[in-house]
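Peer 1: UniProt numbering puts the sequence shown at residues 25 to 325.
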Amino acid sequence: VTFSDDNSRVVAELPTGESVEVLLYGATVISWKDASGNEKLWLSDAAKLDGSKAVRGGIPVVFPVFGTAPTHPQTKDLPQHGFARTSRWEFLGKSTSESTADNNTSANNEPTVKLDFGLSSGSPGLDPLAHAHWPFRFNLIYSVTLNPSSLTTSIVATNDGAEPFECQVLMHTYLRVNDITAIEIHGLSNASYTDKVDAGAAKTQTTTPLTITGETDRVYAPVEEAVTVAEQGRPKYRVTRDNLSNVVVWNPWTDKAQSIADFEPKDGFKKMLCVEPGAVGSWQAVEAGDAFEGAQTITLL
Ligand code: BG6
25 VTFSDDNSRV VAELPTGESV EVLLYGATVI SWKDASGNEK LWLSDAAKLD GSKAVRGGIP
85 VVFPVFGTAP THPQTKDLPQ HGFARTSRWE FLGKSTSEST ADNNTSANNE PTVKLDFGLS
145 SGSPGLDPLA HAHWPFRFNL IYSVTLNPSS LTTSIVATND GAEPFECQVL MHTYLRVNDI
205 TAIEIHGLSN ASYTDKVDAG AAKTQTTTPL TITGETDRVY APVEEAVTVA EQGRPKYRVT
265 RDNLSNVVVW NPWTDKAQSI ADFEPKDGFK KMLCVEPGAV GSWQAVEAGD AFEGAQTITL
325 L
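#1: So what's residue 204 in DSSP terms, helix, strand or just coil?
#2: Residues in its own chain within less than 6 Å of residue 182 by CB, not counting five upstream and five downstream?
#3: Quick check: what's the CA-CA separation for residue 233 versus residue 57?
#4: In the DSSP assignment, the beta strand (DSSP E) including residue 277 goes from what residue to what residue?
#5: Determine, using beta-carbon pairs with one atom in the stretch 182 to 196 and one in the stretch 82 to 91, whether at least three such pairs fall under 8 Å.
#6: Who are the near neighbours of residue 250 in its chain, counting only those whose CB is closer than 7 Å to its CB and skipping five residues on each side?
#7: Can you give, in chain order, each stretch of the alpha helix (DSSP H) that sits fully within the stretch 109 to 168 and has at least 4 residues?
#8: Please check the pair residue 38 and residue 135, which I expect to be a contact at CB under 8 Å, by giving their CB distance rounded to whole angstroms.
#9: Please name the residue, chosen from 144, 274, 74, that lies closest to residue 161 on a Cα-to-Cα basis.
#10: Just to check, is the beta-carbon of residue 91 closer than 8 Å to a non-hydrogen atom of ligand 1?
#11: So does residue 265 have its beta carbon nearer than 8 Å to some heavy atom of ligand 1?
#12: Over the uninterrupted beta strand (DSSP E) stretch that includes residue 306, give me the two end residues.
#13: Measuring straight from C-alpha to C-alpha, what distance separates residue 62 and residue 322?
#14: Thinking C-alpha only, which one of 319, 219, 284 is nearest residue 80?
#15: Please name the residue in 180, 186, 221, 235 whose C-alpha comes closest to that of residue 19.
#16: Pick helix, strand or coil for residue 292, following the three-state DSSP scheme.
#17: In terms of residue numbering, what span does the beta strand (DSSP E) encompassing residue 56 cover?
#18: Does residue 175 pass the burial test, meaning 16 or more other C-beta atoms within 10 Å, or should it be called exposed?
#19: Would the C-beta of residue 268 count as close to ligand 1, meaning under 8 Å from any of its heavy atoms?
#20: In the structure shown, what three-state DSSP assignment does residue 221 receive?
#21: Report the CB separation of residue 268 from residue 308 in whole angstroms; it is logged as a contact under 8 Å.
#22: What is the DSSP secondary structure of residue 252, reduced to helix, strand or coil?
#23: Just curious, the beta strand (DSSP E) that residue 242 is in, first and last residue?
#24: Select from 60, 25, 195, 200 the residue whose C-alpha is nearest the C-alpha of residue 120.
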């Protein structure tokens, strides 16, 4: 595993050629490439990578609130999607396992690299808005695990204080696609969802795969275990979740993309699809000393 850490980002490459790049700002995964160097995530050309704004693209981490929650006492004053994506995380270290020459046929022996990042109420890089508006003692560990066919991101949010808190967690993955009009999203059949482009109306998905033909912003509670993104009829990504009961599907389409300053190129919505596993349909109560854990795995098909 080749590895570099220049104090602002961590890059790791497997012996088989796949790579991942994580910005310490937000612990945002900003690149994930396969062995041929093909990028799997979408990153805006105008994304700020200097810590001045949450990254537009890659995988921002959403905590402790999804969107804004004006009626939720604990998080009502926090910025949209919370402060994890606008804080500078600490790189805690890496662990690797390499395939061995005498037994490299088993999948368990695939080369793997795991990068760990931390953010806590005591972190020097914590967004000042967290200090101002979220007075809890907490510790987050975010792990990014790469192996040849998949990327896993997992979070452990621990309550280090004496008071319980309530939080939401989401991994705001911007998947790269070639042509949004050729995409089908499977695995949402019969799922109930909130349609944020229809005033938050409660709806139920049919059994037809979801296609994207306009601005889409939906919070699903999927019934099925995996959401699969197919392009031109060919399965492309499988997204599975651990303890994350929601999946947000977002594409800004033409007008919304126009209105987002750091969304470039403006027709970039044709090249991206956000499939965002999270625990956002309700609040996760974390008692003093307890932790909430959740993870997503994106597998290349
Ligand atoms: C999605 C939300 O998860 O994130 C959308 O459902 C929102 O409503 C989108 O527009 C992007 O949010 P932001 O804060 O990164 O512009």
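Yeah, the Cβ is synthetic: ideal placement off N, Cα and C, and Gly gets one too.
Peer 2: In short, the structure shows the following:
#1: helix
#2: 163, 315
#3: C-alpha separation (whole angstroms): 27 Å.
#4: Run containing residue 277: none in the beta strand (DSSP E); it sits in the alpha helix (DSSP H), 277 to 283.
#5: Contact between the stretch 182 to 196 and the stretch 82 to 91 is present, because at least three Cβ pairs lie under 8 Å.
#6: 211, 262, 263, 264
#7: 152 to 157
#8: 5 Å
#9: The option with the nearest alpha carbon to residue 161 is 144.
#10: yes
#11: no
#12: Where residue 306 is concerned, the enclosing beta strand (DSSP E) stretches over 296 to 310.
#13: 15 Å
#14: 284
#15: Residue 19 is absent from the model: the chain starts at 25 and stops at 325.
#16: In the three-state DSSP reduction, residue 292 falls in the helix class (H, G or I).
#17: 52 to 57
#18: buried
#19: no
#20: helix
#21: At roughly 10 Å, the Cβ-Cβ gap does not stay under 8 Å, so residue 268 and residue 308 are not in contact.
#22: For residue 252, the three-state secondary structure derived from DSSP is strand.
#23: 240 to 245
#24: 25
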